[in-house]
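Q: Could you have a look at this structure, given as structure tokens, before my questions?
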Amino acid sequence: MEKQTYKFSNSSTDFYFDGSINDLKDIVDSKYTIIITDENIYKAHTAKFKGYKTITIPAGEKNKVQKTVDTIITKMIGFEADRRSFIVGVGGGVVTDIAGYVASIYMRGIRFGFVPTSLLGLVDASIGGKNGIDVGVYKNIVGFTKQPSFILHDLSFLDTLPKVEWINGFAEIIKHACIQDADLFKDLQKNDLEFYMKNKEAISALIQLNAQIKLNVVQHDEFEKAERRLLNFCHTLGHALENQYKLMHGQAVSIGMVYAGYISEKLLRFKQVPQIKEVLEKYGLPIALEFDKQKAYDVLKMDKKRDRNEINYILLNKIGKASIESITLSQVEKIIGAF
Ligand code: GLY
């Protein structure tokens, strides 16, 4: 199993792109390891967890909350976990976010690693070190930035991934293409969802490329002072809609992408909204949503990217090139209200 080490400001993450969860025993000491996973993954892959203390949480974003953190911590105390213990989050973004968060606060911080099992987790959610929980409709409003010690990819988990979850993952892949990689956008235009679902080599290459896009950005700007903000493209409105309308993350990001395209059209003369909509639809993502503009704006105002009366909105100059624009909240309100 090949290891690639990525360095961050004061830590590093070992990446195993072609691994299997069976290799976990070579990375961690199973005696001191506690796996956190969700009920769906556990049910579909029970044998893979044999030999590990495992904490199973209910699946879904609505469980990425303090109550679940308390339950996990109580179980860890029950397992007599100490500062030598190692947490491994095996699951999608909810599991890895919550596992990383618990590991960051338990006994003021213990080591952790991830085995992302969803497409979204593989290309985005497991990478970057931001781990946290939601409070009501406010997504990721509480959290901590700490890089995992390792990320192990086992693509056999994709064999049981429902189609909606593939679609969910493609929203972040399309986002990466829009902000950084025009060639990737062309590939996405040429291919479609079914192609990637059936073609193991193509999906493996696509996952590795997207993980590296995110890793490169995070390596340059771990604490989101500049370039990392680009990754927030389409998440400002997306997050404001996601929990209010109980959307999948990818659906929310997709609507956010269309609106970020509209704002880019108005402010930067961006001309490629139709191409973006076409690719989003090709991968099963929504391009329109009836929503209460005022309510969405009220949640959006609390976005972490807000700076007094302005918000750092990520806009597109062209596909493959994004920029950070500081726009007033009233401008955002006006433009969102107009579409
Ligand atoms: N955990 C996701 C990120 O750091 O962006």
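Numbering follows our numbering, in which position 54 of the sequence shown is assigned residue number 1224; successive positions increment by one, without gaps. Ideal Cβ placement from N, Cα and C applies to all residues, glycine included. Remember, it's a predicted structure, so these values are computed and weren't measured experimentally.
What number of angstroms, rounded off, separates the C-alpha of Gln-1414 from the C-alpha of Gly-1259?
A: 27 Å
Q: When the distance is taken between beta carbons, is Ala-1396 closer than 8 Å to Gly-1490?
A: no
Q: Closest to Ala-1214 by C-alpha separation, out of Gly-1313, Phe-1327, Ala-1347 and Leu-1379, would be which residue?
A: Phe-1327
Q: Rounded to whole angstroms, what is the Cα-Cα separation between Lys-1173 and Lys-1441?
A: 41 Å
Q: Which residue marks the beginning of the alpha helix (DSSP H) containing Ile-1425, and which one marks its end?
A: 1419–1438
Q: In the DSSP output, which residue or residues are listed as bridge partners for Val-1198?
A: Val-1198 pairs with nothing; no bridge assigned.
Q: Give me the residue from Thr-1183, Asp-1193, Asn-1180 and Lys-1177 with the minimum Cα distance to Met-1171.
A: Asp-1193
Q: Between Asn-1402 and Cys-1348, what straight-line distance do the alpha-carbon atoms span, to the nearest angstrom?
A: 12 Å
Q: Could you give the DSSP three-state label for Asn-1233: helix, strand or coil?
A: helix
Q: Just the C-alpha distance for Glu-1495 and Lys-1436, rounded to the nearest angstrom, thanks.
A: Rounded to the nearest angstrom, the two C-alpha atoms are 13 Å apart.
Q: Could you check whether Gly-1426 and Gly-1339 sit closer than 8 Å to each other, using their CB atoms as the reference points?
A: Not a contact, by the Cβ cut-off of 8 Å.
Q: Could you tell me which uninterrupted alpha helix (DSSP H) segments, each at least 4 residues in length, are contained entirely in the stretch 1171–1226, listed from first to last along the chain?
A: 1194–1197 and 1209–1214
Q: Exposed or buried, Gln-1317, counting other C-beta atoms within 10 Å across all chains shown (16 or more means buried)?
A: buried
Q: Using 8 Å as the threshold, is the C-beta distance between Leu-1290 and Glu-1342 below it?
A: yes
Q: Quick one: does the C-beta of Ile-1377 sit closer than 7 Å to a heavy atom of the ligand GLY?
A: no
Q: What three-state label does DSSP hand Glu-1448 in the structure shown?
A: helix
Q: If you count every other CB in all the chains shown that lies within 10 Å of the CB of Ala-1217, and 16 or more means buried, which is it?
A: exposed
Q: Spell out the partners DSSP gives Tyr-1308 in its beta bridges.
A: For Tyr-1308, which the question treats as bridged, DSSP gives the partners Val-1305.
Q: Taking DSSP as the reference, what is the three-state secondary structure of Thr-1287?
A: coil
Q: Going by the beta-carbon positions, is the gap between Gly-1257 and Ile-1206 smaller than 8 Å?
A: Looking at the sequence itself, residue 1257 is Ile, so the reference to Gly does not match. Yes, the Cβ-Cβ distance between Ile-1257 and Ile-1206 is below 8 Å.
Q: Taking Cβ positions, are Gly-1298 and Lys-1384 nearer each other than 8 Å?
A: yes
Q: What residue from Val-1265, Asp-1188 and Asn-1233 has the CA that sits closest to Tyr-1212's CA?
A: Residue Val-1265 is the option with its Cα nearest to Tyr-1212.
Q: Can you tell me where the beta strand (DSSP E) holding Thr-1498 begins and where it ends?
A: 1491–1498
Q: With distances taken between CB atoms, is the gap from Phe-1249 to Ala-1269 smaller than 8 Å?
A: Not closer than 8 Å, so no.
Q: Does the Cβ of Pro-1286 have 16 or more other Cβ atoms within 10 Å, making it buried, or fewer, making it exposed?
A: buried
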